[in-house]
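Report on one structure; see the data block that follows.
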Amino acid sequence: MARFTLPRDVYYGKGTLEVLKTLKGKKAIVVVGGGSMKRFGFLDKAVDYLKDAGMEVQLFENVEPDPSVETVMRGAKAMQEFEPDWIVAMGGGSPIDAAKAMWAFYEYPETTFEDLITPFNFPELRQKAKFAAIPSTSGTATEVTAFSVITDYEKGIKYPLADFNITPDVAIVDPVIAETMPEKLTAHTGMDALTHAIEAYVSTLNSPFTDPLAIKAIQMVFEYLPASYQKDMSAREQMHYAQCLAGMAFSNALLGIVHSMAHKTGAAFSTGHIPHGCANAIYLPYVIQYNAKDETAKKRYADIAKEVGLTGANDDELVKALCDKIDAYNVKLSIPKTLKEFGIEEKEFKEKVAAIAELAVGDACTGSNPRAITPAEMEKLLNCTYYGTEVDF
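Residue numbers in the sequence shown follow the UniProt record's numbering, run continuously in steps of one, and reach 393 at the last position.
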């Protein structure tokens, strides 16, 4: 038996932040990041709308990029003391992801983080609160997904949490909020959205429900991302919707080893944190080369190529054309082609690659990748992404 789950309500279009006025409850806690929502006036608007709805409002601010286990536990404690019946998370993927994990600990204080790491093992939520998500970036799509990524900095590992329980009740996809993204963030989140859609389409759990969403998202990203990067706000609006469609696809079809690699390398190197979307963009062409050795995956990558107007005499040529197109977009978006070019030191990479490979194979996203991979193969693949060599195995 398969399952397809989305938020009950997805509100989209300019000005839809005002939907907060219609929520019914007594108390709302608003979880936000480092200040951009306050700086651009969106936080004040959200608080005013919630007060218009008759709610008492409390803020939990300063969720860091790639939120930590410690931040999650602090937020859960704040919720336990305030006892909200709405959790409203707004900003990039980080505050929304953090709030999802806080939600579990708020409702079940006795739960341990180790319990939640097991995929689809959350306790039944909505015993105390419902959840509304308002994205400010156009990439993670966490406003419509069953996922959250939390970082254990002590261990240098990102944990992807997965459970349909943490799919938000309400998603407010207001493109005005995404207009404030700086160029680099626009590039990284856009390529994150593309990776979500491509991985969902080739996932072993793809379905007739997820395929149309994935393909449409891929088409829209290729069409609108360059102009969005150049601050064309009509293109940026379409990117905000494209990333949401990609999220609907991957939340149900799951992902693959591009994300496994990104999760386990993002916080692994002392010479520089690798932003999640940037890591995905670097790894995606190499993973396509690896997965395309599987005939079923090759055909699906070729289908993607045809759907975005690429040509080739056979599936191999179509797959190469798709990789070339992604490479060209990375160049346009000033994203490096390799980990070496990103700035990871070779000595540290060599010291850590075997352990990272082992962790990546064990990542929750690996199970739905279209081609199986061993730790030894993962190490070879990571070496390709470091040195820019062809994936020929």
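Every residue gets a Cβ at the ideal spot worked out from N, C-alpha and C, and that includes glycine.
Is it the case that the Cβ atoms of Thr296 and Ala279 are separated by a distance below 8 Å? On the sequence shown, residue 296 is found 296 positions in, with the first residue counted as 1. On the sequence shown, residue 279 is found 279 positions in, with the first residue counted as 1. No, these two residues do not count as a Cβ contact at 8 Å.
Gly92: which of Pro67, Arg236, Glu154 and Thr22 sits nearest, CA to CA? Against the sequence shown, residue 92 aligns to sequence position 92. Among Pro67, Arg236, Glu154 and Thr22, the Cα nearest to that of Gly92 is on Pro67.
Here's the rule I'm using: 16 or more other beta-carbon atoms within 10 Å means buried, otherwise exposed. How should Phe393 be labelled? Stepping through the sequence shown from its first residue, residue 393 is reached at position 393. With fewer than 16 other Cβ atoms within 10 Å, it is exposed.
What residue does the alpha helix (DSSP H) around residue 456 start on, and which one ends it? Residue 456 lies beyond the residue range present for the chain, which begins at 1 and ends at 393; the question has no answer from this structure.
What do you get for Val258, buried or exposed, if any count of 16 or more other CB atoms within 10 angstroms of its CB means buried? Translated into the one-based positions of the sequence shown, residue 258 becomes position 258. That one is buried.
Where Val88 sits in the DSSP three-state scheme:
Translated into positions along the sequence shown, residue 88 becomes position 88. Three-state result, Val88: strand.
Under the three-state DSSP convention, the category Lys347 falls into | Taking the first residue of the sequence shown as 1, we reach residue 347 at position 347. Look at Lys347 here: in three-state DSSP terms it is helix.
Extract the residue ranges of the beta strand (DSSP E) inside the stretch 333 to 379, only unbroken runs of 3 or more that lie entirely within it. Complete beta strand (DSSP E) runs here, min 3: none at all.
| said: On a Cα-Cα basis, can you pick out the residue from Leu225, Ala146 and Pro275 that is closest to Leu255? | reply: Position 255 of the sequence shown, counted from the first residue, corresponds to residue 255. Ranking Leu225, Ala146 and Pro275 by Cα distance to Leu255 puts Ala146 first.
Selection from Ala253, Ala281 and Glu358 that minimises the alpha carbon distance to Phe4: Taking the first residue of the sequence shown as 1, we reach residue 4 at position 4. Of the listed residues, the one whose Cα sits closest to Phe4 is Ala253.
Determine the burial state of Ser136: buried for a count of at least 16 other Cβ atoms within 10 Å of its Cβ, exposed for fewer. By 1-based counting over the sequence shown, the position of residue 136 is 136. Buried.
Notebook entry, point to check: Short check: CB of Gly25 to CB of Trp103, under 8 Å?
Noted result: Residue mapping note: residue 25 aligns to position 25 of the sequence shown, counting from 1. Residue mapping note: residue 103 aligns to position 103 of the sequence shown, counting from 1. Result no, Cβ atoms of Gly25 and Trp103 do not sit closer than 8 Å.
**Report entry** Same chain only: Cβ atoms within 6 Å of Lys128, ignoring 5 sequence neighbours per side
**Finding:** Sequence index remark: in the sequence shown, residue 128 carries index 128 (1-based). Residues Glu107 of the same chain have their beta carbon placed closer than 6 Å to that of Lys128, with the five preceding and five following residues left out of the count.
Report task. Name, in chain order, the residues that DSSP records as bridge partners for Val30. Result -> Along the sequence shown, read from residue 1 onward, the residue named residue 30 stands at position 30. Answer is Leu59 and Val88.
| request: Counting only the same chain and skipping the five closest in sequence on each side, list residues whose C-beta sits under 7 Å from that of Pro285. | output: By one-based count along the sequence shown, residue 285 stands at place 285. Excluding its 5 nearest sequence neighbours in each direction, Pro285 has C-beta neighbours in its own chain below 7 Å: Cys323, Ile326 and Asp327, listed in chain order.
message = Between which residues of its own chain and His273 is the CB-CB distance below 7 Å, once the five residues before and five after are set aside?
response = As a first step, residue 273 is located in the sequence shown; it is residue number 273 there, counting from the start. Excluding residues within five positions, the ones whose Cβ falls inside 7 Å are Gly266 and Ala267.
Buried or exposed by the 16-neighbour rule on C-beta atoms within 10 Å, applied to Ala46
In the sequence shown, residue 46 corresponds to position 46, counting from 1. By the neighbour-count criterion, in which a residue is buried when 16 or more other Cβ atoms sit within 10 angstroms of its Cβ, Ala46 is buried.
Check: Helix or strand or just coil, what does DSSP make of Pro135?
Finding: Position 135 of the sequence shown holds residue 135. Here Pro135 sits in strand by DSSP.
**Request:** Within 10 angstroms of the Cβ of Gly277, are there 16 or more other Cβ atoms? Answer buried if so, exposed if not.
**Result:** What you label residue 277 is simply residue 277 of the sequence shown in a count that begins at 1. Classification of Gly277: buried, given that the 10 Å Cβ count is 16 or more.
### Task
Can you give me the Cβ contacts of residue 397 inside the same chain, cut-off strictly under 6 Å, excluding the 5 residues immediately before and after it?
The shown model of the chain, from 1 to 393, leaves out residue 397, and the question about it has no answer.
Residue environment, Val361, which counts as buried when at least 16 other CB atoms sit within 10 Å: The residue given as residue 361 occupies position 361 in the sequence shown. Buried.
Using a Cβ-Cβ cutoff of less than 6 Å, which residues in the same chain neighbour Gly312 once the five nearest sequence positions on both sides are dropped? As a first step, residue 312 must be located in the sequence shown, where it is residue number 312. Cβ contact annotation for Gly312 (same chain, cutoff 6 Å, sequence separation greater than five): Leu318 and Ala321, in chain order.
### Task
Quick one: which unbroken alpha helix (DSSP H) runs of 4-plus residues sit fully inside the stretch 248 to 298? Chain order, please.
Every unbroken stretch of the alpha helix (DSSP H) spanning 4 or more residues and falling wholly within the stretch 248 to 298 is given here in chain order: 257 to 265 and 276 to 291.
*Contiguous beta strand (DSSP E) assignments of at least 3 residues, all confined to the stretch 183 to 214*: Counting only runs that start and end inside the stretch 183 to 214, there is no beta strand (DSSP E) element of at least 3 residues.
Would Thr389 be called buried (16 or more neighbouring beta carbons within 10 Å of its own) or exposed? As a position in the sequence shown, residue 389 is number 389, starting the count at 1. Under this definition Thr389 is an exposed residue.
- What is the DSSP secondary structure of Lys14, reduced to helix, strand or coil? Counting from 1 along the sequence shown, the entry for residue 14 is found at position 14. Lys14 falls in the coil class under three-state DSSP.
**For Val72, the first and last residue of its enclosing alpha helix (DSSP H)** = Stepping through the sequence shown from its first residue, residue 72 is reached at position 72. That run of the alpha helix (DSSP H) goes Val69 to Phe82.
- request: Return the chain-ordered list of same chain residues with a C-beta closer than 6 Å to the C-beta of Ala305, the five sequence neighbours on each side being excluded.
  value: The residue you call residue 305 lines up with position 305 of the sequence shown. Same-chain partners within the cutoff: Leu318, Ala321 and Leu322.
I'd like to know whether the C-beta atoms of Ile172 and Thr16 end up nearer to each other than 8 Å. The residue given as residue 172 occupies position 172 in the sequence shown. The residue given as residue 16 occupies position 16 in the sequence shown. Between Ile172 and Thr16, the C-beta spacing is below 8 Å.
_By the three-class DSSP mapping on this structure, what secondary structure does Lys325 have?_
Within the sequence shown, residue 325 is the residue found at index 325, counting from 1. Per DSSP, reduced to three states, the secondary structure at Lys325 is helical.
Counting pairs of Cβ atoms below 8 Å between the stretch 211 to 219 and the stretch 237 to 251, do you hit three or more?
Short answer: they touch.
* Asked: How many whole angstroms separate the CB atoms of Pro95 and Val63, which I take to be in contact at a CB cut-off of 8 Å?
  -> By 1-based counting over the sequence shown, the position of residue 95 is 95. By 1-based counting over the sequence shown, the position of residue 63 is 63. Pro95 to Val63, Cβ: 4 Å. Contact.
- [ ] Just mark Asn165 as buried or exposed, buried being the case when its beta carbon has 16 or more other beta carbons within 10 Å.
- [x] Here residue 165 refers to the residue found at position 165 of the sequence shown. The residue is buried, with at least 16 neighbouring Cβ atoms inside 10 Å.
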